[in-house]
Amino acid sequence: QLPEETRAELIEGIVFMSSPLGIEHARATKVLLHWLTAYEAATPGTEALNSPTLILDPDNEFQPDCLLRLATERGGRSWIEGNYLHGAPDLIAEVSFTSVALDLGDKLKVYRRHRVQEYLVWQLQEQRLDWFEWQEGGQNPSAIKGGNGDQIKEREEHVDDDGIKRHDGDRTQHHRCKQA
C-alpha cells in the first residue's frame, strides 16, 4: 500500500512511478481541466475530475490527468466506490511529456479493452494532440470502416502556443480495435 499522495499507476499488473510533474505539464493540465470544467458546467449529469484514481480491473489502476464522466443514473459506465472511481469514464485526457510510450501503448490498449469512449493524449514535446474515439457498431467486430464493427477513430490535431487548435479534420484515420 502506497501513501495517498504517491503518484503511481498499476498498468497491466506492473507498478509505474511517475516522474515529478513539471510546470509545462501543470499548465497543460490546467487548460484541459478548464475545458472539461466548462463542459461540466454547461452539461447536467457530467463531472470533470483532476487526477482521480481510476480502477478499471485488478491489474489496472490509473491516475489520468483529467477525465469527464457521465453520471451512472444518466447512463455513464463509471461509478464511485469508497473514495475511488471504477469503470470506464466517457473521456480521459493525459498530458504526456515523458510518458508517451505508456500513454499511447499499454494504457491505450487498456482503455480500448474497457471501451473508454474518448481518449486524448497531449504530447507536449511534439506539440500534438492525439484524440481516439470508440465507436460502437453492430455484430461484426472485424469491420473497420463503413460496416457494423467496433472501431477506433484517431483525429490528428496539433497544439499551438495559445492552447489546443484543431488541425486538419480530413486527416481522420481508422484503427481496428482488438477485442480483449
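Heads up: the sequence shown begins at 156 in the working numbering, then just goes up one per residue. Just so it is clear, CB atoms sit at the ideal spot from N, CA and C, and this is done for glycine as well. Note that the structure is a prediction, hence the values are computed from the model and not measured.
Candidates the options, of which the one nearest residue i by Cα
i: residue 260; options: 285, 290, 174; result: 285
i: residue 191; options: 223, 274, 178; result: 223
i: residue 213; options: 241, 287, 189; result: 241
i: residue 243; options: 270, 253, 221; result: 270
i: residue 207; options: 254, 273, 282, 249; result: 249
i: residue 274; options: 288, 232, 200; result: 288
i: residue 168; options: 263, 186, 215, 196; result: 215
i: residue 164; options: 201, 258, 184, 267; result: 258
i: residue 245; options: 177, 229, 225, 166; result: 225
i: residue 189; options: 221, 177, 178, 172; result: 221
i: residue 200; options: 265, 232, 281, 162; result: 232
i: residue 172; options: 183, 217, 265; result: 217
Assigned exposure category for residue i - 16 Cβ within 10 Å defines buried
i: residue 193; result: exposed
i: residue 238; result: exposed
i: residue 151; result: The first residue shown for the chain is 156 and the last is 335, placing residue 151 beyond what the model contains.
i: residue 247; result: buried
i: residue 180; result: buried
i: residue 236; result: exposed
i: residue 196; result: exposed
i: residue 267; result: buried
i: residue 293; result: Annotation note: pLDDT 31 at residue 293 (below 50); position unreliable, no value reported.
Start and end residues, beta strand (DSSP E) containing residue i
i: residue 411; result: Because the chain spans 156 through 335 in this model, residue 411 falls outside it and cannot be assessed.
i: residue 165; result: 163–166
Distance between residue j and residue i (C-alpha atoms, nearest Å)
i: residue 279; j: residue 251; result: 6 Å
i: residue 219; j: residue 209; result: 8 Å
i: residue 277; j: residue 283; result: 6 Å
i: residue 255; j: residue 204; result: 21 Å
i: residue 198; j: residue 186; result: 18 Å
i: residue 262; j: residue 227; result: 23 Å
i: residue 229; j: residue 202; result: 12 Å
i: residue 253; j: residue 174; result: 8 Å
i: residue 335; j: residue 162; result: Confidence in residue 335 is poor, its pLDDT being 32 and thus under 50, which makes the residue's placement unreliable; the coordinate value appears in the next sentence. For residue 335 and residue 162, the distance between alpha carbons rounds to 27 Å.
i: residue 264; j: residue 166; result: 10 Å
Subject >> Ranges of the beta strand (DSSP E) found wholly within the segment 190–277, counting only runs of at least 3 >> reply: 201–205, 209–212, 215–217, 221–225, 232–236, 239–243, 246–251
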